[in-house]
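Novice:
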Amino acid sequence: MTGINRRQFSLLLTGLLGAPHLLAQPVRPATPDEQGWLLASAATDAQQHWLVVSDVQGQLRLRHRLPARAHHVAAHPTEPWVAVVGRRPGRYIDVVDYRSQALVRRIEPASDRHFYGHALFSPDGRWLIATENAVRDGSGRVSIRDVRDDFRTVADLSSGGIGPHELLLDTAGTGLIVANGGILTEGRRKLNIDSMQPSLAYIRLGSGTLSEQVFLPPQRHQLSIRHLDRSPDGTVVIAMQYQGNPADDQPLVAMHRRGEALQLLHAPASVNRRMSQYCGSVRIDSSGRVAAVSAPRGNLITFWDIAQSRYLSSIEVRDGCGIAATEEPETFIASSGSGALYQLYPRDGLRERLIQDMRLDRLAWDNHLCAFQRV
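The numbers in this note's numbering rise by one with no breaks, and the one at position 65 of the sequence shown is 301.
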C-alpha cells in the first residue's frame, strides 16, 4: 500500500466494513419502462471519443469529449456522476456530472502506472476502485481512491497477477474479485503469450491479502480471463479471450463458485466457431439465472443457464459488445458498434431495436454498457 499504511486504511474502512450490506448492495438494473433509467458508454465518431449518456429509449442526454479512447463506465450511487476509464494503457478516468454536464475531476495515474480499463464505485459512493498496471515490473495493482478527498489514492493493493482487467465486489462486500488476464504488455503490445498465467483472484479489502485464487488448467493458460459478473449467490461468470493458435477450439466462458475449481463451459461447435475466440463483456440478469456474454467478432450475444452451467441460446447483433441487464428477468439491453441499441429476450430468441436519437446512430458504441437509475 502507498499513501497510508495498512492499519490506517483498515481504520478508514471500519465504518464501511462494519456495515457490509452497504458495500454489497447491488445497483438495481434498468428496464426501458422506467423513465428514470439511463445508459452510459464510450463511443467514437470520426476518430473523436466521447462519453455518451442516453435514456433507455436512446434519447441523447450527455455527450462529453474524451482525450482518448475509453473502455468502461461506472455510475456513482448517490451523485449524478459517471466515471469513464481510458482504454488500456489508460491515462485518465473522467468523472462527469450528467446533470450539469460538467467535468467533476480528471484523474490521472502515477507516472509509472496506467489504468487497465475498469473501475467501480463502492455502493455507498465513498471509494473509487480501479485496476492498474505497474509499468516498471508489470505487476497488476488495484488502487482505491477517496471520493471525499478529491479522489486521493489511499490504498494500493496487489491484484494477485498480471494484467488485471474487470473487478467486482464480493457478496459480503468485504472483498474484491479481480480478473487477472495474465498478459504482460508494453502499450498495446503483448510480451508473454507463451508463458501467460491468467487467474481469478479474491482479495480482502482491509488487508489486501488473497483469500482465494484459481487458475486455468495448464493446457488452457492462453485463455485470458477478462470480464466478470457475479450472481446474488456468489457465482462468478467469466468471459475470456484466447491468445493461442487461431485454429484451436477453446471454450470461452467459465463459471466459478468459492472453494471449487474453475468450470469451463462449452457452446455448440458452430456457435463456438462464430465466437472467434473473443468475448467482449458479460452481464447476469436480474433473476441471477441467465448470463449474457457478447462475441462482437462473431456478431453474437450468447446466453448461459447459470444453475445448469450450460449454453442456452444466442441472438445475432452486428458488432454487439456492450450488455446491460434490465429489471425484467432474463432480459438485456445490448449496444452495437454500428450505433444501435437492442432489447434482447434469450428464451424467445427475440431482438427489438429501441427507439433512438439520430445523433446516436452516427456513433460507434464501444465495449461496455452501464445501466443505472438517475439520482
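From the three backbone atoms N, C-alpha and C, an ideal C-beta is built for every residue, glycine too. None of the values given here were measured: they were computed from a predicted structure.
What residues match up with H401 in a beta bridge as DSSP calls it?
Specialist: Looking at the DSSP assignment, H401 forms no beta bridge with any residue, so it has no partner.
Novice: Does the distance from the CB of S460 to the CB of Q477 come in under 9 angstroms?
Specialist: yes
Novice: Going along the chain, which residues of its own chain have a beta-carbon closer than 6 angstroms to the beta-carbon of I429, five neighbours each way excluded?
Specialist: Q479
Novice: Just to confirm, is the Cβ distance from G495 to Y514 under 9 angstroms?
Specialist: no
Novice: Quick one: does R509 have its CB under 9 angstroms from some CB of chain D?
Specialist: Of the protein chains in the structure, only one exists, and it is not chain D.
Novice: Going by C-alpha to C-alpha distance, which of T445, R583, S523 and T471 sits closest to S550?
Specialist: R583
Novice: For M511, which of I520, R519, S523 and V529 has the nearest alpha-carbon?
Specialist: V529
Novice: First and last residue of the alpha helix (DSSP H) that includes S192?
Specialist: Any property of residue 192 remains undetermined from this structure, which presents the chain solely from 237 to 611.
Novice: What did DSSP end up calling D269 once you bin it into helix, strand or coil?
Specialist: Confidence at D269 is low in this model, with a pLDDT of 43, below 50, so the placement of that residue is unreliable and no value is reported for it.
Novice: Short of 7 angstroms in beta carbon distance, which residues of its chain neighbour L364, apart from the five on each side in sequence? Order them along the chain.
Specialist: A319, A355, F357, R381, V383 and F387
Novice: Below 8 angstroms, how does it come out for the stretch 495-504 and the stretch 514-525: are there three or more Cβ pairs, yes or no?
Specialist: Verdict: no, contact absent.
Novice: Nearest CA to the CA of L446: which residue from T314, V414 and P454?
Specialist: V414
Novice: Could you spell out the range, first to last residue, of the beta strand (DSSP E) harbouring A560?
Specialist: G556 to A561
Novice: Does DSSP classify S506 as helix, strand or coil?
Specialist: helix
Novice: Helix, strand or coil, according to DSSP, for R456 in the structure here?
Specialist: helix
Novice: Report buried or exposed for R619, applying the criterion of at least 16 other Cβ atoms within 10 angstroms of its Cβ.
Specialist: With the chain covering 237 to 611 only, the question about residue 619 has no answer from this structure.
Novice: Mind pulling the alpha helix (DSSP H) runs of 4 or more residues that sit fully within the stretch 568-610?
Specialist: 594-597
Novice: DSSP three-state call for V332: helix, strand or coil?
Specialist: strand
Novice: Using a Cβ-Cβ cutoff of less than 6 angstroms, which residues in the same chain neighbour H307 once the five nearest sequence positions on both sides are dropped?
Specialist: V321, R323, G353 and N603
Novice: Rounded to a whole number of angstroms, what is the C-alpha to C-alpha distance between V263 and E566?
Specialist: At V263, the pLDDT of 40 sits below 50, so the modelled position is not reliable; the number obtained from the coordinates is stated separately. V263 and E566: Cα-Cα distance of roughly 17 angstroms.
Novice: Taking the beta strand (DSSP E) that Y514 falls in, what are its first and last residues?
Specialist: Run containing Y514: none; DSSP gives neither H nor E here.
Novice: Within a Cβ cutoff of 8 angstroms, which residues of the same chain sit near R519, ignoring the five residues on either side of it in sequence?
Specialist: D465, A527, A528, I559, A560, A561 and F568
Novice: Beta-carbon separation of S571 and G585 under 9 angstroms?
Specialist: In this structure, S571 lies away from G585, with their beta-carbon atoms at least 9 angstroms apart.
Novice: When DSSP builds the beta bridges, which residues end up paired with S375?
Specialist: Per DSSP, none; premise fails for S375.
Novice: What does a CB cutoff of less than 6 angstroms around R610 pick up in its chain, not counting 5 residues either side in sequence?
Specialist: G272 and L274
Novice: Can you list, in chain order, the residues of its chain with a C-beta nearer than 7 angstroms to that of E344? Leave out the 5 residues immediately preceding and following it.
Specialist: Cβ neighbours of E344 beyond the five flanking positions: R327 and Y328.
Novice: Identify every residue that forms a DSSP beta bridge with F539.
Specialist: A528 and S549
Novice: Helix, strand or coil for D360, going by three-state DSSP, please let me know.
Specialist: coil
Novice: Taking Cβ to Cβ, would you say S395 is nearer than 9 angstroms to V378?
Specialist: With a cutoff of 9 angstroms on beta-carbon distance, S395 and V378 are scored as near each other.
Novice: Please state whether the Cβ-Cβ distance between P400 and T421 is less than 9 angstroms.
Specialist: no
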